[in-house]
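Trainee: What follows is a single structure, and I will ask about it in a moment.
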Amino acid sequence: MADIKPDAVLDCKGMNCPLPILKTKKAIQGLTTGQVLLLEVTDAGSKSDIPALLRRTGDELVEMKESNGVFSFTIKKG
Amino acid sequence: MEKKKKRMAIIASKGTLDMAYPPLILASTAAAMDAEVAIFFTLYGVDIVNKKKNHSLKVAPIANPAMPSPVPFPNILGVLPGMTSLATMMMNGMVKKINWPSIPELLNLCTEAGVRMIACTPTLEMTGVSKDDLVEGVEVAGAAEFLDFAFDADISLFV
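Next comes the structure, spelled out in structure tokens:
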């Protein structure tokens, strides 16, 4: 899949639940519908927490990647 | 038609550091997940939203066998002078290690996320705490006001 150029990048590396959730929500609120956020986290719980958040907020998880303990989420605002 | 929002009602009745985190973490997270959230602070729980006290909440070591200790430690020794500060220091260290926000910071996040925070009127009366002592944005109301919100809740928790 071709890389989507994000409109915003959020670095939550080193943060633990609930901070990545709260910061992600705030970052999404700052976008307009269709814009893309790239989120990077190291908290292992985020692997399931971020998809759960997005199921509730109605935003779209376009892609999730993991490399060297960093999870990268590409999120499109719904 | 807009989907009806989920609703969570929490009662926070404890004023120790370890019991202050769960209601605030769940509340701020639920609000981020688009739920309507209210926390009713009652009895010792009011300390969590008391500006004069909430930066120095403590951990009670007595009757808390789950508390981690570097050395084997009979719980009854928790009565010794200094043990509450020691337990509190240890918890603050753990909180710092994982970069958790402090209680006042977490309250800010709750306010920002739109969590309704209600302090119980008779508790304020009883303990001589005034509305000015409370964190900004905290409402003062009684049981009926909270219950009016909680009757329609999908999740209700007593902490």
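As given, the protein sequences belong to chains A and B, one line each in that order. When you read off a place in the first sequence, starting at 1, and then add 211, the result is the number in this note's numbering. In terms of this note's numbering, the second sequence has 41 at position 47, counting the first letter as 1, and numbering is strictly consecutive. No residue lacks a Cβ here, since even glycine has one placed at the ideal position from N, Cα and C.
Could you tell me whether any Cβ in chain A is nearer than 7 Å to the Cβ of Thr78/B?
Mentor: Taking the first residue of the second sequence as 1, we reach residue 78/B at position 84. Cβ-Cβ to chain A under 7 Å: no for Thr78/B.
Trainee: Name, please, each residue of chain A whose Cβ falls closer than 7 Å to the Cβ of Asp148/B.
Mentor: Your numbering for residue 148/B matches position 154 in the second sequence. Within chain A, no residue comes near Asp148/B; the closest Cβ sits about 12 Å away, beyond 7 Å.
Trainee: So with CB distances below 7 Å, who are the chain B contacts of Met275/A?
Mentor: Position 64 of the first sequence, counted from the first residue, corresponds to residue 275/A. Within 7 Å Cβ-Cβ: nothing; Met275/A doesn't reach chain B, min ~18 Å.
Trainee: Is the beta carbon of Ile92/B sitting closer than 7 Å to the one on Phe34/B?
Mentor: Looking up residue 92/B in the second sequence gives position 98. Looking up residue 34/B in the second sequence gives position 40. In this structure, Phe34/B does not lie closer than 7 Å to Ile92/B by Cβ.
Trainee: Can you have a look at Ile42/B and say buried or exposed, based on whether 16 or more other CB atoms are within 10 angstroms of its CB?
Mentor: One-based indexing of the second sequence puts residue 42/B at position 48. Answer is buried; the Cβ neighbour count reaches 16.
Trainee: Does Lys236/A get closer than 7 Å to chain B when you measure Cβ to Cβ?
Mentor: Counting from one through the first sequence, the residue named residue 236/A turns up at place 25. Yes, Lys236/A counts as interfacial toward chain B.
Trainee: Quick one: Cα of Gly9/B to Cα of Asp270/A, how far?
Mentor: Residue mapping note: residue 9/B aligns to position 15 of the second sequence, counting from 1. Residue mapping note: residue 270/A aligns to position 59 of the first sequence, counting from 1. Their backbone Cα atoms lie some 37 Å apart in a straight line.
Trainee: Please confirm whether Ala26/B has its beta-carbon closer than 7 Å to some beta-carbon of chain A.
Mentor: Stepping through the second sequence from its first residue, residue 26/B is reached at position 32. Judged by the 7 Å Cβ criterion, Ala26/B is in contact with chain A.
Trainee: Keeping to the same chain, check which residues put their C-beta closer than 7 Å to that of Lys224/A; ignore five residues upstream and five downstream.
Mentor: Here residue 224/A corresponds to residue number 13 of the first sequence, with the count starting at 1. Excluding sequence neighbours, Lys224/A sits near Glu251, Val252, Thr253, Val281.
Trainee: So which residues on chain A does Ile19/B lean against when the C-beta distance must stay under 9 Å?
Mentor: Taking the first residue of the second sequence as 1, we reach residue 19/B at position 25. Those within 9 Å of Ile19/B in chain A are Cys228, Pro229.
Trainee: Taking 7 Å as the threshold (C-beta atoms), are Val247/A and Asp214/A in contact?
Mentor: Within the first sequence, residue 214/A is the residue found at index 3, counting from 1. Within the first sequence, residue 247/A is the residue found at index 36, counting from 1. Not in contact: Asp214/A and Val247/A (Cβ atoms no closer than 7 Å).
Trainee: Please classify Val132/B as buried or exposed, where buried requires at least 16 other C-beta atoms within 10 Å of its C-beta.
Mentor: On the second sequence, residue 132/B is found 138 positions in, with the first residue counted as 1. Result: buried.
Trainee: Note down, one range per segment and in chain order, each beta strand (DSSP E) of at least 3 residues found wholly within the segment 103 to 152 of chain B.
Mentor: Runs found: 110 to 114, 133 to 135, 149 to 152.
Trainee: Exposed or buried, which one is Thr121/B when buried takes at least 16 other CB atoms within 10 Å?
Mentor: As a working note, residue 121/B is residue 127 in the second sequence. Exposed is the call here.
Trainee: Alpha carbon to alpha carbon, what distance is there between Lys90/B and Lys47/B?
Mentor: Translated into the one-based positions of the second sequence, residue 47/B becomes position 53. Translated into the one-based positions of the second sequence, residue 90/B becomes position 96. For Lys47/B and Lys90/B, the distance between alpha carbons rounds to 19 Å.
Trainee: Taking only the alpha-carbon atoms, compute the straight-line gap between Ser50/B and Pro68/B and give it to the nearest angstrom.
Mentor: Position 56 of the second sequence, counting from 1, holds the residue named residue 50/B. Position 74 of the second sequence, counting from 1, holds the residue named residue 68/B. Answer to the nearest angstrom: the Cα atoms are 26 Å apart.
Trainee: On the CB-based measure, 16 or more other CB atoms within 10 Å of its CB, does Leu233/A come out buried or exposed?
Mentor: Counted from its first residue, the first sequence places residue 233/A at position 22. When all chains shown are included, Leu233/A counts as buried.
Trainee: Could you say if the segment 21 to 35 of chain B and the segment 58 to 76 of chain B meet the contact criterion of at least three C-beta pairs nearer than 8 Å?
Mentor: No: fewer than three Cβ pairs fall under 8 Å.
Trainee: Examine chain A for any beta-carbon lying closer than 7 Å to the beta-carbon of Ile4/B, and answer yes or no.
Mentor: For the purposes of this step, residue 4/B is taken as residue 10 along the second sequence, with counting starting at 1. No, Ile4/B does not count as interfacial toward chain A.
Trainee: Excluding sequence positions up to five away, which residues of its chain have a Cβ less than 7 Å from the Cβ of Leu103/B?
Mentor: As a position in the second sequence, residue 103/B is number 109, starting the count at 1. Result list for Leu103/B: Ser22, Pro95, in chain order.
Trainee: Measuring CB to CB, does Phe11/B end up less than 7 Å from Val53/B?
Mentor: On the second sequence, position 17 is the one that residue 11/B refers to. On the second sequence, position 59 is the one that residue 53/B refers to. The residue you asked about is not Phe; residue 11/B is Leu in the sequence shown. Taking 7 Å as the Cβ cut-off, Leu11/B and Val53/B qualify as a contacting pair.
Trainee: Taking the beta carbon of Val73/B as the centre, do at least 16 other beta carbons fall within 10 Å, making it buried, or is it exposed?
Mentor: Start at 1 with the first residue of the second sequence, and residue 73/B comes out as number 79. Exposed.
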